[in-house]
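One structure is given below, encoded as structure tokens.
Residue numbers (the working numbering): 12 to 354.
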């Protein structure tokens with residue numbers, strides 16, 4: 012048989028995949044290309060799992076280094092200017108440093124080849140990192156909320172306007188550039204960990220701008236309670252972001268089905284085969300997400316008198332039709348004699 016090796020060998024009802032027919036699992040698949048120059052200009056690189064893994068790992072490391080630099084700069088500026096809002100933003104960036112570092116490690120581990128203990132691969136490590144990131148960011152949000160209330164009740168005058176305002180303006184610009192980069196990488200690699208990084212750094216842009224404006228108002232009016240109010244606002248924003256990341260992580264950890272539009276695309280591919288008379292129908296379609304990987308399990312219905320070799324070839328075509336809609340899906344096709352269970 013020509014073409015790529017089958018992701019799942021079709022056999023009798025309840026069939027298991029033939030290990031000899033599985034694709035090379037040296038690196039787990041991901042649904043897009045690496046963002047580097049080679050990937051941008053070389054179409055083959057867009058479907059290279061190793062290139063996507065390198066791109067996601069590089070993005071995770073860049074995010075961690077950027078967060079470390081921002082945390083240090085804002086911490087110094089906040090202490091010099093005695094601004095709790097700027098210091099709170101520094102704590103948020105320090106949390107980002109730990110989260111992005113954990114993400115980079117998770118991405119590296121998630122792309123490891125399947126082994127005897129983890130035959131389905133390690134993609135859920137990214138999902139676990141996403142959920143952990145949500146918990147970590149939620150903890151920092153609680154800290155910022157407590158400190159904001161304390162500063163609101165006991166306000167302190169701010170100092171060194173140029174230092175604090177300059178630090179927050181630079182942080183907003185740097186974070187915006189980082190979000191644009193992470194967004195491109197997340198779209199091309201399908202990495203949930205990089206997507207999580209992009210989400211929470213996007214919230215940082217608004218938080219940085221809010222702190223910048225609030226500190227400017229404080230310096231201009233002398234109303235020092237604005238600093239505490241801003242800390243509380245940043246805390247609420249951080250907690251909202253943490254909730255979003257937790258929902259994203261939990262969704263995949265409990266094997267939630269793929270979104271309706273992705274399931275509909277798979278069903279359309281199978282329905283097209285039925286319309287052409289290649290299969291009698293299909294049933295038992297199941298999907299689940301594990302990080303960047305979509306697992307698909309489906310039963311196709313064939314005539315009872317069809318020869319085994321032809322049935323096997325039809326199963327391969329069904330697999331290929333599904334992978335045309337989901338190029339990096341892990342597909343398992345079961346062959347049934349017409350319908351053996353209710354739809």
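Positions of the beta carbon are idealized from the N, C-alpha and C atoms, including for glycine.
Just so it is clear, the structure is predicted and the values come from calculations on it, not from any experiment.
Identify whether residue i lies in helix, strand or coil by the three-state DSSP scheme.
i, result
"residue 301", "strand"
"residue 289", "coil"
"residue 296", "strand"
"residue 259", "helix"
"residue 312", "strand"
"residue 234", "coil"
"residue 69", "helix"
"residue 93", "coil"
"residue 252", "helix"
"residue 127", "coil"
"residue 175", "helix"
"residue 100", "helix"
"residue 267", "coil"
"residue 318", "coil"
If you draw a straight line from the C-alpha of residue i to the C-alpha of residue j, how long is it?
i, j, result
"residue 280", "residue 306", "16 Å"
"residue 170", "residue 227", "11 Å"
"residue 332", "residue 200", "22 Å"
"residue 308", "residue 255", "29 Å"
"residue 224", "residue 140", "33 Å"
"residue 345", "residue 319", "13 Å"
"residue 327", "residue 290", "12 Å"
"residue 143", "residue 341", "26 Å"
"residue 233", "residue 166", "11 Å"
"residue 194", "residue 86", "27 Å"
"residue 348", "residue 338", "28 Å"
"residue 219", "residue 84", "13 Å"
"residue 260", "residue 178", "33 Å"
"residue 127", "residue 162", "54 Å"
"residue 28", "residue 82", "Note that residue 28 scores 40 on pLDDT, short of 50, meaning its location in the model is unreliable and no value can be drawn from it."
"residue 245", "residue 215", "9 Å"
"residue 146", "residue 231", "37 Å"
Thinking just about the alpha-carbon of each residue, which of the options is nearest to the one in residue i?
i, options, result
"residue 329", "310, 104, 160, 315", "310"
"residue 241", "98, 284, 268", "98"
"residue 296", "269, 348, 286", "269"
"residue 252", "106, 339, 337, 189", "106"
"residue 247", "316, 183, 156, 326", "156"
"residue 173", "314, 195, 93, 214", "93"
"residue 336", "212, 273, 301", "273"
"residue 299", "285, 284, 324, 271", "271"
"residue 210", "187, 288, 229, 283", "187"
"residue 183", "78, 313, 275", "78"
For residue i, list the residues DSSP reports as bridge partners.
i, result
"residue 341", "306"
"residue 346", "311"
Suppose only complete runs of 3+ residues qualify. What are the beta strand (DSSP E) ranges in the region 182-224, listed by chain order?
Qualifying beta strand (DSSP E) stretches: none in this window.
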